[in-house]
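Everything below concerns the one structure shown next.
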Amino acid sequence: MRRLYDFLEQDTRTASLARIAISVVAVLLIWQVVSMVVTNRLLLVPPADVAAALVHEVVDGAMWTNATATVTAVVTSFVVSVAIGVAIGLALASSRMLSLTGGPVLSALNSVPIIALAPLFIAWLGLGFTSKFVLVILVAVFPVVVTTEAGLRATDPQLVEAARSFNARPMQIFTTVTFPYALPFIVSGVRVAWARALVGIVVAEFFGSFAGFGFAILSASQTFDTARVLGYVIMLGAMGLIGSVLFASLERRLAPWRQE
Amino acid sequence: MNSAVRLRVEGIGKTFRRRNKPAVEALRDIDMTIAEGEFVSIVGASGSGKSTLLRIIDGLIPASEGRILVDGRIVDQPGPDRAVVFQQDSLLPWKTVIDNVGYGLSLAGMPTRDAHRIAQRFIDIAGLGGFEHHYPHQLSGGMRQRVNVARALAVNPKILLLDEPFAALDAQTREIMQTELLSIWQETRKTVLLITHQIDEAVFLSDRVIVFSARPGTIREEIAVPLPRPRTLELKRSQAFVGLVDRIWKLIEAEVRAGLKQG
Ligand SMILES: Nc1ncnc2c1ncn2[C@@H]1O[C@H](COP(=O)(O)OP(=O)(O)O)[C@@H](O)[C@H]1O
Ligand SMILES: [Mg+2]
């Protein structure tokens, strides 16, 4: 047992895959047991039924249609959110004035549950890509803005002074000190942004779309097809997990000195 | 001994003025001359303006009064003729040892390959061979300071400015680093200005020790160190060495007491 703990605590790829595998198996087990107790199949279906529903969706092609719609929309909007977030963060970090005046507006926007405005956006922008795009950007951009500004401001002044002492020009200070120092901060914001983007896309698809995981979940729940609902929720969970693992490992790679 | 003047510090004064805070006079009327190839140390109580003077000499901050001349030319910006080894750890944590040592060269526009070649030479001189591709966090404190010294030497400065470079190291490592610094100095013949609060370190390494008074920092006394070179750690036990250390300590002790009386 002791040795198993030691193994799982390691900071290696094998260990983190093992951690994920163990927690997935645990969830499946609990799920299986609970579904043997709760026998109302409208409320809960066992894992095997969900797997069957997923296979069915793949076979009849619905999975492909929905996955394409959701993944294209979420990835494009997410990438654009990151770009916009970094740009705004850079602007805020480089101008005290902008940060003082724009900061409060941004933090107010950040604490408003923008997701609740989804129906409004759809009314304004119509069904389809644009409304999803805008909604996802609005929910995903803030964590990137905040961590970019914080990361750029966090730079160790000692490192900047050393660079200046070697005659570095302001642009060189930015590229060799300030930005690399901020990168792991930014990636941690990007990780949060990915999770938010997934929520944003599903909600946008609930309200206005004819394809995508959110649309599929809504239509399955309207026909009380619990197995299909859970199947698509699992797909979303997997996307979240993949993003989180990917960005966490990127963060570690960019800032190896933070571990030891 | 070569007597050409390398560094002139003329009438330097520095007062920090900040909004809503009382002004701090850190330095007053500092005059000193350091000859080419000379090793000079500054000792003084903490807060006596030693780091401030070093920053002014390097051109990182402007003086309020006076001027700095290197080889007879006024300098008020950092330049390739001076390099600093800082008190705090100032290596880039995301760069390997060889990239850190070559950092100053890359900033000056040297292609990576050439920068690495030169860096390698100073890595070897600093006894860091085999650690080229390690990151700073994988090294001990003593090793990191060697990287700092190698990084400063790599840009081939005329003047090496060291700000309490060994203060954070344990006593044994510090002594080893002192002898290594001496042999590097003997090999490269740089002009060195070392700041330290360790009197024995100053005496062991220097041709001359400058004693600072407490705030505002002024030069209280300059003491020549006529001990023979090359020096080994044995020297620290000699009568002459102990006598000099004692004499400087008495000067500083008086300063500390004066500071206490002023409240
Ligand atoms: N940037 C600064 N702004 C205001 N005061 C400063 C600044 N840098 C140093 N000082 C003050 O100047 C005095 C001398 O500091 P310093 O040169 O670091 O002393 P030392 O290196 O001898 O310990 C101290 O009182 C310190 O608080
Ligand atoms: Mg100091």
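Here the protein sequences line up with chains A and B, keeping their order.
Sequence positions in the first sequence follow the UniProt record's numbering and run 1 to 260.
Sequence positions in the second sequence follow the UniProt record's numbering and run 1 to 263.
All C-beta atoms, glycine included, are put in the ideal place defined by N, C-alpha and C.
- Within its own chain, the residues whose Cβ lies closer than 6 Å to the Cβ of residue 51 of chain B, once the five positions on either side in sequence are excluded, are 163, listed in chain order.
- In this structure, residue 218 of chain A and residue 206 of chain A form a Cβ contact; the two beta carbons are roughly 5 Å apart against a cut-off of 8 Å.
- Look at residue 52 of chain B: its beta carbon is less than 7 Å from one of the heavy atoms in ligand 1.
- Checking the 7 Å criterion, the Cβ of residue 201 of chain B is out of range of every heavy atom belonging to ligand 2.
- Pairwise C-beta distances place the region 189-203 of chain A in contact with the region 140-156 of chain A, as three or more of them are shorter than 8 Å.
- Per the DSSP secondary-structure output, residue 16 of chain B pairs in a beta bridge with B/24.
- Measuring C-alpha to C-alpha distances from residue 71 of chain B to each of B/61, B/64, B/63, B/82 identifies B/82 as the nearest.
- Think of a sphere of 9 Å around the beta carbon of residue 92 of chain B: the chain A residues whose beta carbon falls inside it are 159, 162, 163, 176, 177, 180, 181, in chain order.
- Counting along the chain, residue 108 of chain A sits inside the alpha helix (DSSP H) bounded by residues 96-111.
- Within the region 135-169 of chain B, contact with chain A at the beta-carbon level (separation under 8 Å) is assigned to 135, 136, 137, 138, 155.
- Residue 149 of chain A: member of the alpha helix (DSSP H) spanning 129-154, first to last residue.
- By the neighbour-count criterion, in which 16 or more other beta carbons inside 10 Å mark a residue as buried, residue 242 of chain A falls on the exposed side.
- Residues of the region 45-77 of chain B that bring their beta carbon within less than 7 Å of a beta carbon in chain A comprise 58, 60, in sequence order.
- The Cβ-Cβ distance between residue 190 of chain A and residue 144 of chain A falls below 8 Å.
- When distances are taken from the beta-carbon of residue 48 of chain B to the heavy atoms of ligand 1, the shortest one is below 7 Å.
- Annotation for residue 26 of chain B indicates a beta carbon within 7 Å of some heavy atom of ligand 1.
- Taking all protein chains in view, the Cβ of residue 250 of chain B is surrounded by fewer than 16 other Cβ atoms within 10 Å, so the residue is classified as exposed.
- Not one beta carbon of chain B lies nearer than 8 Å to the beta carbon of residue 10 of chain A.
- Separation of residue 101 of chain A and residue 213 of chain A (C-alpha to C-alpha, rounded to the nearest whole angstrom) is 39 Å.
- Taking a Cβ-Cβ cut-off of 9 Å, the neighbours of residue 108 of chain B in chain A comprise 166, 167, given in sequence order.
- When distances are taken from the beta-carbon of residue 86 of chain B to the heavy atoms of ligand 1, even the shortest one reaches 7 Å or more.
- Against residue 257 of chain A, the close residues of chain B are 93, 94, 135, 136, 137, 138, in the order they occur along the chain (beta-carbon pairs closer than 9 Å).
- Using a cutoff of 7 Å, the CB of residue 163 of chain B counts as near ligand 2, since one of the ligand's heavy atoms is closer than that.
- Counted as a single uninterrupted DSSP element, the beta strand (DSSP E) harbouring residue 65 of chain B occupies residues 65-70.
- Taking 8 Å as the threshold, the shortest C-beta distance from residue 32 of chain A to chain B does not fall below it.
- For residue 132 of chain A and residue 126 of chain B, the gap between their C-alpha atoms comes out near 58 Å.
- For the options B/27, B/34, B/35, the alpha carbon positioned closest to that of residue 55 of chain B is the one of B/27.
- In this structure, residue 16 of chain B has its beta carbon less than 7 Å from a heavy atom of ligand 1.
- Closer than 8 Å at the C-beta level to chain A, one finds no residue of the region 204-217 of chain B.
- In the structure shown, residue 224 of chain B falls within a strand segment according to DSSP collapsed to helix, strand and coil.
- If you ignore the 5 residues before and after residue 19 of chain A, its C-beta comes within less than 7 Å of the C-beta of 8, all in its own chain and listed in chain order.
- Contact check for residue 76 of chain B and residue 59 of chain B: beta-carbon distance about 6 Å, within the 8 Å limit, so the pair qualifies.
- Only buried fits residue 87 of chain B, as 16 or more other CB atoms lie within 10 angstroms of its CB.
- Runs of alpha helix (DSSP H) with 4 or more residues, each lying fully within the region 165-203 of chain A, are found at 170-173, listed in chain order.
- If you ignore the 5 residues before and after residue 88 of chain A, its C-beta comes within less than 7 Å of the C-beta of 145, all in its own chain and listed in chain order.
- In this structure, residue 9 of chain B places its C-beta atom within 8 Å of the C-beta atom of residue 68 of chain B.
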